[in-house]
Amino acid sequence: MADPRGFLKVRQRETQPRRPVPVRIMDWKEVYEAQEKGVLKSQAGRCMDCGVPFCHQGCPLGNLIPEWNDLVWRDKGEEAIERLHATNNFPEFTGRLCPAPCEASCVLGINQPAVTIKQVEVSIIDQAFDNDWVQPLPPTRLTGKTVAVVGSGPAGLAVAQQLTRVGHTVAVYERDDKIGGLLRYGIPDFKMEKEQVDRRLEQMKAEGTRFRTGVAVGTDVTWEQLRRRYDAVVVATGATVPRDLPIPGRDLEGVHFAMDYLVPANRVVAGETPGNHIDARGKHVVILGGGDTGADCIGTAHRHQAASVTTLAIGKQPPSERAAHQPWPTFPTLFEMASAHEEGGERTYLASTVEFVGENGKLTGVKVAETEFVDGKRLPKAGTERIIPADLVFLSLGFTGAEPAGITEQVSAEFDGRGNVARDGYYMTNTEGVFVAGDAGRGQSLIVWAIAEGRACAAAVDRFLMGSTILPAPVAPTDRAIAVL
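Going by the working numbering, the letters in the sequence shown line up with residues 667 to 1151, in that order.
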């Protein structure tokens, strides 16, 4: 007889067919190899075993997954990318970086492995680029309206592309020297090479989107100046304020936020020579936090040939199967095995960081204790302290919200209690004509949510400028659920 809890099982994401290539020489190329065509067709064909599909409701973008799976199964790649692009501006990003809530809500996942939707998705867009099927879609007419988008991550780029295509003149402002936000400088190349960003930007430029790099809005140009110059302004700056850990020894040399490590490392890979580069070669590295950013630090430290890499998480190790309180088709919290984890390193759970220890102002170790739960709080258990040798510590504890950047002072836009730019049901702040999309308005979230919010915000901006819109709005700004029906 089948396991009575079998309907709760889901396939762990690390067992997807898109497996990492065994790493011998630790280069910076993408670690995932393309899937064999026959396997892809087989996976796409499995989608047809579904009765009533739930996958596209699990996806914030509302991707038409059964439709393009069927087209892949029938070898109609050009039609498949058309259906994929109908709901997703950048499937090359989501196909590589999204944790795939769609697969968690796949009907087949009730009692067998879900369809490898993410793998099929990335194969569609890669085939489309290889065959030159991704072409610019410039507007047939211009509206005379202008929009400034501040921030060039996935939310900002989605806003810009949607609004450009309906005829508005859009300029994207980015404080860094290149467009892409954390897609360029936050995501290591072993997860996504920057060719993926560059070729999409070429399409957007050909469509008419304008890009302004090296401009820090709030200082180089004020928000009020943008508001006077443009008919609408979109805040898409992300949630970039890192969560700190104010414990003894925090000021020791060697304790850094994760992004202070990843951004310069990515610049070095791009051929630059940043002055703030942190080299982990031959050093003992400890990473606090077990999420995607922590995994990026692990993979980067491996490529820097660190002496050791240890990840500490304060909570319990997640289960490998669905918990009863996270039934299908919700998005479950599961133990994840990223490619960086497969490359090596130690992962420790129920580890409370008590103190950073050092000598002469330099970090030498991390004092940790076992975590115990007291009255619902996670606290270090007395008498279990030990010191882990460490030359570098990277804090990967999430983000607390958007950077102020003069927004409140210059255009009176308010922040909510969670550190995000406040907005109404149409993505507008309390200042007319100033909108907010993506992590800046919803807090740290998934790339698929950033693109979905960008598309929805674009519809709201278009409606504000023109009185009506034909653009789709896949999500509302108050919708914070993930893959919940």
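Here a beta-carbon is modelled for each residue, glycine too, at the ideal position from N, C-alpha and C.
Item	Value
Buried versus exposed call for Ala979 [16 or more other C-beta atoms within 10 Å across all chains shown]	buried
Continuous beta strand (DSSP E) assignments of at least 3 residues falling wholly in the region 941-967	950-954
Residue range of the unbroken alpha helix (DSSP H) whose run includes Pro767	767-770
Three or more C-beta pairs below 8 angstroms linking the region 803-821 and the region 920-931	no
Per-residue burial, Lys1028 [other beta carbons within 10 Å of its own, 16 or more giving buried]	exposed
Proximity winner among Val887, Ala989, Asp842, Thr966, relative to Pro1152 (alpha-carbon distances)	Given a span of 667 to 1151 for the chain in the structure shown, any question on residue 1152 remains unanswerable.
Beta-carbon proximity list for Gln971, same chain, < 6 angstroms, skipping 5 on both sides	Arg947
Where the beta strand (DSSP E) through Arg1052 begins and ends	1052-1055
Span of the alpha helix (DSSP H), counted from its first residue to its last, around His1007	1005-1008
For Val899, the first and last residue of its enclosing beta strand (DSSP E)	898-901
For Val832, the three-state DSSP class (helix, strand or coil)	coil
Residue interval of the beta strand (DSSP E) (run including Leu1045)	1043-1046
Option in Pro930, Val1114, Glu890 with minimal Cα separation from Gly852	Pro930
Residues that DSSP places opposite Phe1022 in a beta bridge	Val1032
The region 863-872 in contact with the region 1069-1083 per 3-pair CB rule at 8 angstroms	no
Segment contact, 8 angstroms Cβ cut-off, at least three pairs: the region 892-912 with the region 1096-1106	yes
Val1078 - DSSP class collapsed to helix/strand/coil	A small fix is needed here, since residue 1078 is Ser in this sequence, not Val. Looking at Ser1078 - three-state DSSP - the assignment turns out to be coil, as it is neither helix nor strand.
Cβ neighbour criterion (16 or more within 10 Å) applied to Gly880	exposed
Beta-carbon contacts of Gly728 that lie in its chain and below 7 angstroms, excluding the five residues immediately before and after	His722, Thr753, Pro1140
Per DSSP, the bridge partner or partners of Thr1037	Pro1046
For Ala1142 and Gln778, the rounded distance between their alpha carbons	32 angstroms
is_contact[Asn1086, chain B] using C-beta, thresh 7 angstroms	Annotation note: the requested chain B is absent from the structure, which comprises a single protein chain.
Runs of alpha helix (DSSP H) lying entirely within the region 1112-1147, each at least 4 residues, in chain order	1113-1132
Cα-Cα separation, Pro1138 to Leu1058	46 angstroms
Own chain residues within Cβ distance below 6 angstroms of Ala821, not counting five before or after	Ala902, Ala1103, Gly1104, Ala1116, Glu1119, Gly1120
CB contact flag (Thr812, Asp886, <7 angstroms)	no
In DSSP terms, what Tyr839 is bridged to	Val816, Arg878
Supposed contact pair Val1040 and Thr1019 - C-beta distance, whole angstroms, cut 8 angstroms	Actually they do not touch by this definition, with Cβ atoms about 17 angstroms apart.
Same chain only: Cβ atoms within 6 angstroms of Gly955, ignoring 5 sequence neighbours per side	Ser1062, Leu1063
Same chain, Cβ closer than 6 angstroms to Ile953, five either side skipped, listed in chain order	Gly960, Cys963, Thr977, Phe1060, Ser1062
Straight-line gap, Val836 to Pro719 (C-alpha atoms, nearest Å)	37 angstroms
C-beta contact flag for Trp799 and Glu873 at 7 angstroms	no
Between the CA atoms of Val1087 and Leu849 - distance to the nearest angstrom	21 angstroms
In chain order, each beta strand (DSSP E) run of at least 3 residues that lies wholly inside the region 696-750	none
Per-residue DSSP class, three states only, for Ala1017	strand
Contacts around Arg893, its chain only, beta-carbon distance under 8 angstroms, and the 5 residues preceding and following it disregarded	Val899, Val1077, Thr1097, Gly1099, Val1100
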